[in-house]
Amino acid sequence: MGELEIEKHTQFIMSVEKKKDFDSMVMEHLRMSGAYWGLTTLDLMGKLDAVNREEVVSWVLQCQHDCGFSGNVGHDPHILYTLSAIQILALLDKLDTIDADKISAYIVGLQQEDGSFAGDEWGEIDTRFSYCAVCCLSILHRLDKIDVGKAISYVASCKNFDGGFGCTPGGESHAGQIFCCVSAFAISGALTHVDRDLLGWWLCERQVKSGGLNGRPEKLADVCYSWWVLSSLTIIERVHWIDKEKLKTFILDCQDKEHGGISDRPDDAVDVFHTFFGIAGLSLLEYPGLKPIDPAYALPVHVVDRLFFGQPH
Amino acid sequence: MHGRPRKSSSDGGSQEKDMAKAAGLQSLQTQFFKNHHEKIYTKEALQLNAKLLEINPDIYTAWNYRKLAIKQLLESESESASIKQSLDEELRVVERALKRNLTSYGAWHHRKWVINMGYSSLDHEFQLLDQLLKADSRNFNAWNYRRFVADMKKSRDEDELKFTTKKINENFSNYSAWHNRSAILSHMLKNKYGGISAKEQEMTEEYELVRQALFTDTEDQSGWFYHLWLLGQKIAPIGPKLEMSWPCNGSQLVIDFNEQSHAYVSDFDTPFGTDHCMFSEGIPLVLHFSEPVKGVNASTVSVNSLLLQSESLVWRPISPHGLQAKTWVTLLKLPSTNFRAGETYTVQIRVADTLGIILLNGYNFACPTALNFSLDIHTMTIRSTGGNFETVPLAWEADFFFPLAIDENKFPIELHLDSLSIDGSGNQENTRWQQETLDREIKVCRELLEIEMDSKWAKLTLARLLIAQDMLSGGSILRNKRMHTDEVLQLFNDLIEIDPSHAEYYKDQFSLILLDKVSSGKQNLQEYLWDSKGTGSLSNGERNKWLRLHGLSLSRLGSLEQLLWVQRLDISHNRLQSIDGLEALQLLGCLNLSHNLLANFTALGPLRQIKTLRALNIADNKIGAHTVNSTRFSFPSALNNSSISNADTTRDADEENLEISWEITIAFKGLHLRQLDIAGNPANDEKCRRLLMKTLPSLKWLDGTSVN
């Protein structure tokens, strides 16, 4: 088990963007999210200074379209990468480089009649996009631009028999979707829609014998659920219902101690996605040496506090 | 990204192959993006794109491109057959992509987009889904897509239900099938029966189906989750209602006024009997519902009395957020002149006579209720003591406590709910079926436990069933008729041993049952009622009565609706991390929370809604010891876009103190605390104390020392 290899993970993250192997190529379309995962992890470990901020910002802005941000230069815009871009700029305290009104207008345009959100002009509907909309607009202090009541009632209509939430009404409960819905409620002050005891119990039952967490019943444990399940439990004040020590051990066991990075489960291939979620999970478990992370905004607490409690805007 | 083994760095040969593959992909991508940006939609370009998607179905831009190509086609082509041909090709591309990655959102959405055009065979879609769900029966994209196709075809709910039966019979452990079954069944029953309660025949069949699953494999979760849902469909006692109020129905309050026209109210129907509660602005009227509601106002709740002035009452929801709450309060402003001293005035309240109170799910609250209580007005006999901890702070220690003797003849709290309802309890039929179901399911659990002694699922479900049976047979009315409490407590103790990972969950449930036991009837409550020799008490050294629930290892609060009358509460020396629900205690004046596990000031959020609170002890908690604040979103602040203005929280706070200062504001601003004890918390430093004194201008005692 042992320790968290902060130096190794820092090196791993810094090396990711230079990789030209097949697995890295296959993820090019979501580089904006990859950058957000990598940069946030670095900040949690106190290593953000290793990065050239100007370079990052200029690359992010290259992905800005008339409406929204794309996953990489030349790709089409999408709400997922718009959120990641805004999260990166918030992290680097460079939100003044964008036109917040323009971005809000893009997101407002994606809200549908029933309150749901499309991912882009092609109309895929998913509660993940509701979260992206609410989180992004809140960071830009423009949540009132959308119909929040309808947005919330759409998310509430995705509540299932087990207290969890799916992608769309009637969709099976899944920890990733639950994170999105619970966080959307949290950010909009609408947590009354969550049955904390019922959902909290379903979530704590994600912990399996190995100590890891799965995303839904009868599935394998995976480090990324250390974030989605844990952050949801934290927001609804039920995190004490899981065995924190066992989870910590599981996450630490998923490290590649030789080359850095964290994988979905022990001895699997590492990637920046699981590295972020593993370390974010450890932060929520109060692992020493890591900065605290906000469970709903998925950004370091000092960043979120600066956004909302810092100088009047 | 998932489930791929870690490669060792010495594997040179495969590295070369990999680089070649990467280069191939790179070249395809470069060409594709050129076509995309130049809007080239030739056959060759589309084939190149299809090749790309086969290798990597997650490049969302590549799917957008195909839609643009189709759009262009539709502009020039009007012949149906030709369009259908092109769309069929699209479906083939999707199928190949799905074979590569069955969870590719882009692929599924493209298929949906194509099908939505209306040119394709829906039956073929069902066939494809049958195949795919056979390969991976838990694929939620496929299940979602099936719902979409069924909707388009206008399939009958009954047929879709049959499909879930088929999948369940193939494998009982198919949570996805059970989930979809619950959604379809809810929909069917809503349509058939207008969303009220489920029909018995259908539900009995469901129980039979799930019983097969439970007996096949006791440790398989899917059946148990579904079983819990079935219970919830019927067992919740007769729907939402008004659970409790203060003053209670039938109670007689005695009111004295002082020379400043402040009302001193005594409620002899509670153990606190002779203690006065002083209200300077009006007497609170508290309504506590079984679930959060909105729309409680002067038109949905009528309050009539000769005593009251005619202006409309304003009702406040007691909840962290806006409009929905279980607890609602209004203030009855009594005129201190213009009444006849020595007289008794009745107050009549009717709740939900008119529609307007709404539940969270949008349905109407349909349980009209009537309450009455009376007020005996005495003459102005009270001299202001200037009380309220003027000379000496309240002593919190046990030395000053001794057991309270209750007058057996008074304190008939259990009577009150009996006469609460206008239209009596729910229908008898309903109750009989529920009783039978509970009896049967309890028997099933006991049978399973004979086969598998340590089945955590069977034990947990049995505990829940016994709790439900107690609630059903006694109603919440005859709370002292709980029959299963001891067995339930034992079951939770067993569970802590069998399933130690979830020990804290079981301990929370244990706390809830314990508090239910404590608050159910005067025999149980007796041992927790204490008298104190009043120092710094409300009036001249008179004794003060306390409810003391200290040292019970409580990790969770519950049954608070039974304790609305409590003015002084000691829940020190417990394991509380949260005091959720405490906001219901609208008469609370003194609260001892010392020696608990409160981790942040924001955990005190519920107290902000208790206007009567004057003395608070939070010494020896864990405030400041933790980096994670799990109550960050539970109370209004800028973080969750609540209407508190930013001016509240941004001040001359320096960067370092940002966290603490907004937390202190959320917890304390607006409270009229006279006494606060916070020693023994890591956060208790000079800065913190200064901030507290600034936020609480009425504070007189901080940790026992005078503030001035």
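These protein sequences, in sequence, are chains A and B.
Position in the first sequence counted from 1, then plus 819, gives you the numbering used here.
Position 114, counted from 1, in the second sequence is what the numbering used here calls 112; the numbers after and before it change by one each time, with no gaps.
Think of the CB as a built atom: it goes at the ideal place given N, C-alpha and C, for glycine as much as any other residue.
Quantities reported herein were computed from a predicted structural model and do not represent experimental measurements.
**Asked** Of all Cβ atoms in chain A, is any one closer than 7 Å to the Cβ of His319 of chain B?
**Response** Chain A contact via Cβ: present.
**Prompt:** Thr1053 of chain A versus chain B: which residues are under 8 Å apart at the beta carbon?
**Reply:** Scanning chain B for C-beta atoms nearer than 8 Å to the C-beta of Thr1053 of chain A yields Val626 and Ser628, reported in chain order.
**Asked** Straight-line CA distance for Ala994 of chain A to Pro1107 of chain A?
**Response** Going from the Cα of Ala994 of chain A to the Cα of Pro1107 of chain A covers about 26 Å.
**Request:** Sort B:Ala20, B:Gln433 and B:Ser249 by Cα distance to Phe371 of chain B and report the nearest one.
**Result:** Cα-wise, what sits closest to Phe371 of chain B is B:Ser249.
**Request:** Leaving out five residues on either side along the sequence, give the residues of the same chain with a beta carbon under 6 Å from the beta carbon of Trp455 of chain B.
**Result:** So the qualifying residues of the chain are Trp222.
**Item:** Cβ distance (whole Å) where Ser1051 of chain A is taken to contact Phe1096 of chain A below 8 Å
**Value:** With 8 Å as the limit, Ser1051 of chain A and Phe1096 of chain A do not qualify as a contact, their Cβ atoms being about 13 Å apart.
**Message:** Using only the alpha-carbon positions, how far apart do Thr829 of chain A and Gly1079 of chain A sit?
**Reply:** A direct Cα-Cα distance of roughly 8 Å separates Thr829 of chain A from Gly1079 of chain A.
**Request:** Quick one: grab the DSSP three-state call for Phe400 of chain B.
**Result:** In the structure shown, Phe400 of chain B sits in a strand (DSSP, three-state: E or B).
**Message:** DSSP three-state label for Val1058 of chain A, please.
**Reply:** Residue state, collapsed to three classes: helix.
**Asked** What is the C-beta distance between Glu1056 of chain A and Thr629 of chain B, in whole angstroms, given that I count them as a contact (C-beta under 8 Å)?
**Response** Approximately 6 Å separates the beta-carbon atoms of Glu1056 of chain A and Thr629 of chain B; this is inside 8 Å, confirming the contact.
**Request:** Could you pull out every residue in the same chain whose Cβ sits closer than 7 Å to the Cβ of Ser557 of chain B, ignoring the five residues on either side in sequence?
**Result:** Here the set comprises Leu513, Asp514 and Ser517.
**Message:** Please state the DSSP three-state secondary structure of Phe170 of chain B.
**Reply:** Collapsing the DSSP output to three states places Phe170 of chain B in coil.
**Prompt:** Expressed to the nearest angstrom, what Euclidean distance is found between the alpha-carbon atoms of Ser707 of chain B and Leu489 of chain B?
**Reply:** Not covered by the structure: residue 707 of chain B. The range shown for chain B is -1 to 706.
**Message:** I believe Asp939 of chain A touches Ile898 of chain A by the beta-carbon criterion, under 8 Å. Please report the beta-carbon distance rounded to the nearest angstrom.
**Reply:** At roughly 7 Å, the Cβ-Cβ gap stays under 8 Å, so Asp939 of chain A and Ile898 of chain A are in contact.
**Item:** Identified DSSP bridge partners for Ala261 of chain B
**Value:** DSSP output for Ala261 of chain B lists B:Phe255 and B:Phe277 as bridge partner(s).
**Message:** Run through chain A and tell me which residues come within less than 7 Å of Ser249 of chain B, C-beta to C-beta.
**Reply:** By Cβ distance, chain A contributes nothing, its closest Cβ being about 30 Å from Ser249 of chain B, past 7 Å.
**Message:** Tell me the DSSP secondary structure of Ala1115 of chain A in three-state form.
**Reply:** In the three-state DSSP reduction, Ala1115 of chain A falls in the coil class, being neither helix nor strand.
**Request:** Tell me, please, whether the CB atom of Ala211 of chain B is closer than 7 Å to any CB atom in chain A?
**Result:** No, Ala211 of chain B does not count as interfacial toward chain A.
**Prompt:** Are the CB atoms of Asn638 of chain B and Gly989 of chain A nearer to each other than 7 Å?
**Reply:** The Cβ atoms of Asn638 of chain B and Gly989 of chain A do not sit closer than 7 Å to each other.
**Message:** For chain A, check one thing: does any of its Cβ atoms lie closer than 7 Å to the Cβ of Asn425 of chain B?
**Reply:** Because the pLDDT at Asn425 of chain B is just 49, under 50, the model does not fix this residue reliably, and the point stays unresolved.
**Burial state of His35 of chain B, where buried means 16 or more other Cβ atoms lie within 10 Å** = Classification of His35 of chain B: exposed, given that the 10 Å Cβ count is below 16.
**Asked** Span of the alpha helix (DSSP H) holding Met691 of chain B?
**Response** DSSP places Met691 of chain B inside the alpha helix (DSSP H), whose first and last residues are Glu684 to Thr693.
**Request:** Within its chain, find whatever has a CB closer than 6 Å to the CB of Val91 of chain B; leave out the 5 residues flanking it on each side and keep chain order.
**Result:** Here the set comprises Ala48.
**Message:** Based on DSSP bridge pairs, tell me the residues matched to Gln883 of chain A.
**Reply:** Beta-bridge pairing links Gln883 of chain A to A:Phe888.
**Asked** Any contact of the region 595 to 614 of chain B with the region 295 to 313 of chain B, i.e. 3+ C-beta pairs under 8 Å?
**Response** Judged by Cβ distances under 8 Å, the region 595 to 614 of chain B makes no contact with the region 295 to 313 of chain B, as fewer than three pairs qualify.
**Item:** Ala1115 of chain A and Arg2 of chain B closer than 7 Å at C-beta
**Value:** In this structure, the beta-carbon distance from Ala1115 of chain A to Arg2 of chain B does not fall below 7 Å.
**Request:** Taking a Cβ distance cut-off of 9 Å, strictly less, list which residues of the region 1032 to 1061 of chain A are near chain C, in chain order.
**Result:** The structure shown contains no chain C; the protein chains it does contain are A and B.
**Request:** Go ahead and pull the three-state DSSP assignment for Lys698 of chain B.
**Result:** In this structure, Lys698 of chain B counts as coil in the three-state DSSP scheme.
**Request:** Label Arg696 of chain B either buried or exposed according to how many other C-beta atoms from any shown protein chain fall within 10 Å of its C-beta, with 16 as the threshold for buried.
**Result:** Note on residue identity: the sequence assigns Ser, not Arg, to residue 696 of chain B. Flag for Ser696 of chain B reads exposed.
**Request:** Measuring only between beta-carbons, confirm whether Phe831 of chain A sits less than 7 Å from chain B.
**Result:** When Cβ-Cβ separations below 7 Å define contact, Phe831 of chain A makes no contact with chain B.
**Prompt:** How many Å lie between Ile68 of chain B and Ser84 of chain B at the Cα?
**Reply:** When the Cα atoms are used, Ile68 of chain B and Ser84 of chain B turn out to be separated by approximately 8 Å.
**Prompt:** Whose Cβ in chain A lies nearer than 7 Å to the Cβ of Lys132 of chain B?
**Reply:** Scanning chain A for C-beta atoms nearer than 7 Å to the C-beta of Lys132 of chain B yields nothing, as the closest lies near 17 Å away.
**Request:** For Phe266 of chain B, write down the residues that DSSP places opposite it in a beta bridge.
**Result:** Per DSSP, Phe266 of chain B has no beta bridge partner at all.
**Request:** Report yes or no: is there a C-beta of chain A within less than 7 Å of the C-beta of Asp16 of chain B?
**Result:** Yes, its Cβ sits closer than 7 Å to a Cβ of chain A.
**Request:** Measure from the C-beta of Ser643 of chain B to each C-beta in chain A and report whether the shortest distance is under 7 Å.
**Result:** Any reading at Ser643 of chain B is ruled out, since the residue's pLDDT is 45, under 50, leaving its predicted position unreliable.
**Request:** Apply the 10 Å Cβ neighbour rule to Ile449 of chain B and answer buried if 16 or more other Cβ atoms are within range, or exposed otherwise.
**Result:** That one is exposed.
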